[in-house]
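Here's the structure, in structure tokens; my notes come after.
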Amino acid sequence: MELRHFRYFVAVAETLHFSRAAETLGIAQPPLSQQIKKLEDELGVQLFHRSHHKVELTESGVIFLEQARRTLRMAEQAVDDARRAAEGRVGRLTIGMISSAYEDVIAAVILSFRVQFPNIELVLQEITTPQQIKLLHTGEIQVGFIRPPIHDPAIALEVVKREPLLVALPMGHPLARRKQVPITALASEPWVTTEPWGTLPSDLGMGFYSQVLSVCREGGFTPNVSQVASHMHTIINLVAAGLGVTLVPASASNLHRNRVAYRKLANQTRLVEVSVAYLNSAQSPVLENFLKTVRDVTRKTLQKDARPAAGR
Numbered sequence: 119m120e121l122r123h124f125r126y127f128v129a130v131a132e133t134l135h136f137s138r139a140a141e142t143l144g145i146a147q148p149p150l151s152q153q154i155k156k157l158e159d160e161l162g163v164q165l166f167h168r169s170h171h172k173v174e175l176t177e178s179g180v181i182f183l184e185q186a187r188r189t190l191r192m193a194e195q196a197v198d199d200a201r202r203a204a205e206g207r208v209g210r211l212t213i214g215m216i217s218s219a220y221e222d223v224i225a226a227v228i229l230s231f232r233v234q235f236p237n238i239e240l241v242l243q244e245i246t247t248p249q250q251i252k253l254l255h256t257g258e259i260q261v262g263f264i265r266p267p268i269h270d271p272a273i274a275l276e277v278v279k280r281e282p283l284l285v286a287l288p289m290g291h292p293l294a295r296r297k298q299v300p301i302t303a304l305a306s307e308p309w310v311t312t313e314p315w316g317t318l319p320s321d322l323g324m325g326f327y328s329q330v331l332s333v334c335r336e337g338g339f340t341p342n343v344s345q346v347a348s349h350m351h352t353i354i355n356l357v358a359a360g361l362g363v364t365l366v367p368a369s370a371s372n373l374h375r376n377r378v379a380y381r382k383l384a385n386q387t388r389l390v391e392v393s394v395a396y397l398n399s400a401q402s403p404v405l406e407n408f409l410k411t412v413r414d415v416t417r418k419t420l421q422k423d424a425r426p427a428a429g430r
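Terminal number for the sequence shown in our numbering: 430, no gaps in between.
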């Protein structure tokens, strides 16, 4: 039994006339009659009462018509779904994301993608950079937003955001009276960060604090770490509580604005990045559509992000 037999049967059942059904199907009437008879023989039931004057559905034919229509609809839907999947218009995409990175540009990417591809199920997971690299390899996520650098030849990276480092100080700290803070002014301060540098599963990425450490060493010191945290929100909370100072990406400066003073780092043009990460070997129409959306959105924002932000 083939799908064409369902189409033949439905055409005859809806016209109750073999000749008109054959004309609708674009085939000759005798082969159509033969195919209906073959279908009845295969089913072991009579689907039509035939006479010289009319064709009528049997009780079995009435029941079979309902199921045949449903089968044809399901087949058409399956074909449509397969084609849309090949075009990356249906499916599921699991996205890893560090908590410190879900700001303007990434939110804009997600919004744009959802508008363009409403039938793609997006699953967002807040995961640290090291965990994202591991889950990309296992296939548990297909794409992630991380803070580079990472050193894995199997992972492709594309920059989506560049931003300066800002000094984060407890509100009321003497240095908060300045518009810009030189890194040397932080040499004797207690620091809130991850420790040891880069070895904790920080949501800021394996390489982010190595960049911070580099800035500090350029200022002639190694930070005196007094409080340890692995997530940006926690680090900012500890700064807000007066337990230390730190350097943060500019996008973090919307956190605790009433309790944390964010100031520009004097004499520094260094930018830190957020990148989209995916396997070089990945072959997925859904992923390709997502990456195209990322590129379209970030093309408009990268130049703006490259300009140093004023301290707040």
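Built from N, CA and C at the ideal position, the CB exists for glycine as well.
Since this is a predicted model, take the numbers as computed values, not measurements.
Contact check, residue i vs residue j, beta carbons under 8 Å
| i | j | result |
| --- | --- | --- |
| Thr-311 | Pro-341 | yes |
| Ala-286 | Thr-364 | yes |
| Thr-411 | Ser-230 | yes |
| Gly-337 | Ala-305 | yes |
| His-291 | Ala-379 | yes |
| Leu-383 | Val-330 | no |
| Gly-257 | Glu-406 | no |
| Arg-272 | Leu-397 | The question names Arg, but residue 272 in the sequence shown is Ala. Their beta carbons are under 8 Å apart, which means Ala-272 touches Leu-397 by this criterion. |
| Ala-65 | Ala-140 | Outside the shown range of the chain (119 to 430) lies residue 65, about which nothing can therefore be said. |
| Leu-150 | Leu-157 | no |
| Ile-354 | His-374 | yes |
| Ala-219 | Pro-403 | no |
Same chain only: Cβ atoms within 6 Å of residue i, ignoring 5 sequence neighbours per side
| i | result |
| --- | --- |
| Gln-345 | Val-310, Leu-356, Leu-361, Gly-362 |
| Ala-193 | Leu-121 |
| Ala-427 | Any reading at Ala-427 must be qualified, since the residue scores a pLDDT of 44, below 50, and its modelled position is unreliable; the value itself is stated next. Result list for Ala-427: Pro-282, Ala-368, in chain order. |
| Phe-339 | Ala-305 |
Sequence-distant residues of the same chain with beta carbon closer than 7 Å to residue i, five excluded per side
| i | result |
| --- | --- |
| Arg-296 | Arg-381 |
| Phe-124 | Ala-186, Thr-189, Leu-190 |
| Ala-131 | Leu-175, Gly-179, Leu-183 |
| Pro-314 | Annotation note: pLDDT 48 at Pro-314 (below 50); position unreliable, coordinate value reported separately. So no residue of the chain qualifies. |
Option in the options with minimal Cα separation from residue i
| i | options | result |
| --- | --- | --- |
| Asn-385 | Thr-246, Leu-284, Leu-420 | Leu-284 |
| Ala-359 | Ile-154, Arg-377, Gly-179, Ser-369 | Arg-377 |
| Arg-265 | Val-278, Phe-408, Leu-134, Asp-414 | Val-278 |
| Asp-270 | Lys-410, Ser-137, Ser-399 | Ser-399 |
| Gln-260 | Met-119, Val-394, Pro-148, Ile-181 | Val-394 |
| Ser-332 | Ala-140, Arg-388, Phe-408, Gln-298 | Arg-388 |
| Glu-440 | Phe-339, Pro-292, Tyr-126, Met-350 | Since the displayed the chain opens at 119 and closes at 430, residue 440 lies outside it and no answer follows. |
| Ile-154 | Val-299, Gln-147, Leu-143, Phe-127 | Phe-127 |
| Arg-280 | Ile-354, Val-173, Val-223 | Val-223 |
| Leu-134 | Gly-262, Gly-144, Gln-152, His-167 | His-167 |
| Pro-282 | Met-289, Ala-129, Ser-137, Val-366 | Val-366 |
| Asp-198 | Asn-237, Ser-169, Glu-177, Ala-226 | Asn-237 |
| Val-241 | His-255, Ala-226, Gly-262 | Gly-262 |
| Val-233 | Phe-408, Arg-413, Thr-419, Lys-418 | Phe-408 |
Per DSSP, cross-strand counterpart(s) of residue i
| i | result |
| --- | --- |
| Thr-176 | Thr-176 pairs with nothing; no bridge assigned. |
| Leu-69 | With the chain running from 119 to 430 in the structure shown, residue 69 is simply not present. |
| Phe-166 | Leu-175 |
Interface flag, residue i vs chain C, CB-CB below 8 Å
| i | result |
| --- | --- |
| Gly-179 | Among the chains of the structure shown, chain C does not appear; only one protein chain is present. |
8 Å CB neighbourhood of residue i in its chain, flanking five on each side removed
| i | result |
| --- | --- |
| Glu-239 | Gly-209, Arg-210, Leu-211 |
Review point. Should the stretch 205-215 be called in touch with the stretch 240-258, which here means at least 3 C-beta pairs below 8 Å?
Key: Touching, yes.
Point to revise | Cβ contact check for the stretch 204-211 and the stretch 144-161: 3 or more pairs under 8 Å | key: Cβ pair count under 8 Å is below three, so no.
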